[in-house]
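The block underneath contains the structure these notes are about, expressed in structure tokens.
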């Protein structure tokens, strides 16, 4: 299981280097185990006690560091994905986790498709899409989706639901689109950007996956 110190070291390494540091393929699965262990230890402590406050702070710091780590690595992968020169030895694709490799190739495919479309427009083989109409429809659709997500997440955090899911496990998911801030059944706030990987309570994770705005990352036993 990955330790909090290892996560801190990885954040420092990613911050100072333009290259990706190596992560094991099962890194996010190990992160899931760490979050689960911290949650279990927190639940076993008396609320309001000194130990509880320390554990609560450690949990928050760990999540913040993981968010920084993912942000640093995501920006590096995005920059690499946008380059035409696909020099894998220079960037170190072998240092990515399986989830990051999948994200890299998906982004690369999207960018290549966009380049191909622009090339056809430049060479007169395809007409320019009419601006404004599709963008407005997409913006309205996203706003409606955000409101529905907020409403559903609010319903999931009623008092009865919280009592029923006190022992709820966490699930590691990857967001398929931006997900506005919501309150999880563990009473923590979550805000996810597209392609963010995060461990959130099962109940909330399943709701997002059911709406097809997130996918579960399978854990390796």
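In the working numbering, the protein residues as written are 23 to 243.
Just so you know, even glycine gets a beta-carbon here, dropped at the ideal spot from N, CA and C.
- Is DSSP giving residue 118 helix, strand or coil here? Reading the chain shown from its first residue, position 96 is the one you call residue 118. Of the three classes helix, strand and coil, the one that applies to residue 118 here is coil, per DSSP.
- Item | residue 221 in three-state terms, based on DSSP | If you number the chain shown from 1, residue 221 lands on position 199. Three-state result, residue 221: strand.
- Message: Only counting the same chain, and skipping five residues up and downstream in sequence, which positions put a Cβ closer than 8 Å to that of residue 234?
- Response: In the chain shown, counting from the first residue as 1, residue 234 sits at position 212. Only 198 meet the Cβ criterion.
- With a cut-off of 8 Å, do at least 3 Cβ pairs link the region 81-99 to the region 119-134? The answer is yes - the region 119-134 touches the region 81-99, with three or more Cβ pairs under 8 Å.
- Message: By alpha-carbon positions, which one of 85, 237, 86 and 232 ends up nearest to residue 170?
- Response: Translated into the one-based positions of the chain shown, residue 170 becomes position 148. Comparing Cα positions, the closest option is 232.
- Item | Proximity below 7 Å, CB of residue 33 to CB of residue 90 | Your numbering for residue 33 matches position 11 in the chain shown. Your numbering for residue 90 matches position 68 in the chain shown. Yes.
- Message: Counting only C-beta atoms, is residue 237 closer than 7 Å to chain D at any point?
- Response: Checking the listed chains, one finds no chain D in this structure; it contains a single protein chain.
- Message: Whole angstroms are fine: how far does the CA of residue 135 sit from the CA of residue 141?
- Response: If you number the chain shown from 1, residue 141 lands on position 119. If you number the chain shown from 1, residue 135 lands on position 113. The alpha-carbon atoms of residue 141 and residue 135 are separated by roughly 10 Å.
- Task: Count the other CB atoms, across all protein chains shown, that sit within 10 Å of the CB of residue 39; report buried if there are 16 or more and exposed otherwise.
- Result: Working through the chain shown from its first residue, we reach residue 39 at position 17. Classification of residue 39: exposed, given that the 10 Å Cβ count is below 16.
- Query: How is residue 214 classed by DSSP in three states: helix, strand or coil?
  - Reply: For the purposes of this step, residue 214 is taken as the residue at position 192 of the chain shown. For residue 214, the secondary structure class from DSSP, reduced to helix, strand or coil, is strand.
- Item | Local conformation of residue 193 per DSSP, three classes | Counted from its first residue, the chain shown places residue 193 at position 171. Strand.
- May I ask you to report which of helix, strand or coil DSSP gives residue 238? What you label residue 238 is simply residue 216 of the chain shown in a count that begins at 1. It is a strand residue.
- Query: In this structure, does DSSP put residue 140 in helix, strand or coil?
  - Reply: Start at 1 with the first residue of the chain shown, and residue 140 comes out as number 118. Reduced to three states, the DSSP call for residue 140 is helix.
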